[in-house]
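**Q** Numbering (full-length UniProt numbering), first residue to last: 1 to 182. The structure under discussion is supplied below as structure tokens; questions concerning it will follow.
Here's what the structure looks like:
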């Protein structure tokens, strides 16, 4: 499964007005809860617990909050292009304005890492990121993301050292790889 397969136009929050990380995560958790049948509180708690391990950014103003909450049957995603960049504790100290939120079943951690790596690699391409930021509609964002299936995959080992699918409370190793989540 690909991350792009999870996104529908109604899952794209265009010019979202969040002015801080917490309100953004709340908006994403609301959308993800409505997609998954999980409660808003459980999704938000899972996202916040993962963020406590370290900010989930891939630099260039891209945030990737993600979690593997218990009781989830199918993965879901939400994508936001923010009205204004917000602080996100990124390793490159850039504010974030493009954000993908993902919840994934715990049983599919390898598939999740592969899908996320492919999506991140495609999204972080300068020409794709520029078009996503300039998009005027959800449909246009999805169109610019549409080639993510052919984007190729960075080393999954780099992601797996930084993303901690199980358990959420485990200390996160500091990864120096480009795809490390900080």
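Don't be surprised by glycine CBs; every beta carbon is placed ideally from N, CA and C.
Considering only C-alpha positions, which residue in the set 94, 61 and 70 is nearest to residue 129?
**A** Position 129 of the chain shown, counted from the start, is the residue given in the question as residue 129. Selected option, being the one with the closest Cα: 61.
**Q** Less than 9 angstroms separating the beta-carbons of residue 47 and residue 31?
**A** The sequence position of residue 47 within the chain shown is 47, counting from 1. The sequence position of residue 31 within the chain shown is 31, counting from 1. No, the pair does not count as a contact, with Cβ atoms beyond the cut-off.
**Q** For residue 82, which three-state DSSP category applies?
**A** The residue labelled residue 82 in the question sits at position 82 within the chain shown. Strand at residue 82.
**Q** Suppose the cutoff is 6 angstroms on Cβ atoms and the five residues either side in sequence are ignored; what does the same chain contact list for residue 95 look like?
**A** As a first step, residue 95 is located in the chain shown; it is residue number 95 there, counting from the start. The residues are 85, 86 and 87.
**Q** Residues in its own chain within less than 7 angstroms of residue 29 by CB, not counting five upstream and five downstream?
**A** Counting from 1 along the chain shown, the entry for residue 29 is found at position 29. Taken in chain order, the residues that qualify are 40, 43, 44 and 47.
**Q** Got a sec? Which residues, its chain only, sit under 7 angstroms from residue 124 by beta carbon, not counting five neighbours each side?
**A** The residue you call residue 124 lines up with position 124 of the chain shown. The answer, listed in chain order, is 58, 60 and 62.
**Q** Quick one, which of 38, 132, 90 and 89 has its alpha-carbon nearest residue 67's?
**A** Numbered from 1 along the chain shown, position 67 holds the residue referred to as residue 67. The candidate whose alpha carbon is nearest that of residue 67 is 38.
**Q** Hey, which unbroken runs of the alpha helix (DSSP H) at 4 residues or more fall wholly within the UniProt domain "PTS EIIA type-2" (5-148)?
**A** Listed in chain order, they are 21-36, 40-52, 109-123, 126-134 and 138-145.
**Q** Roughly how many whole angstroms lie between the Cα atoms of residue 155 and residue 26?
**A** To locate residue 155, count along the chain shown from 1; it is residue 155. To locate residue 26, count along the chain shown from 1; it is residue 26. Low local confidence applies: a pLDDT of 33 at residue 155 is under 50, so the model's placement there is unreliable, with the coordinate-based value given in what follows. So the alpha carbons of these two residues sit roughly 31 angstroms apart.
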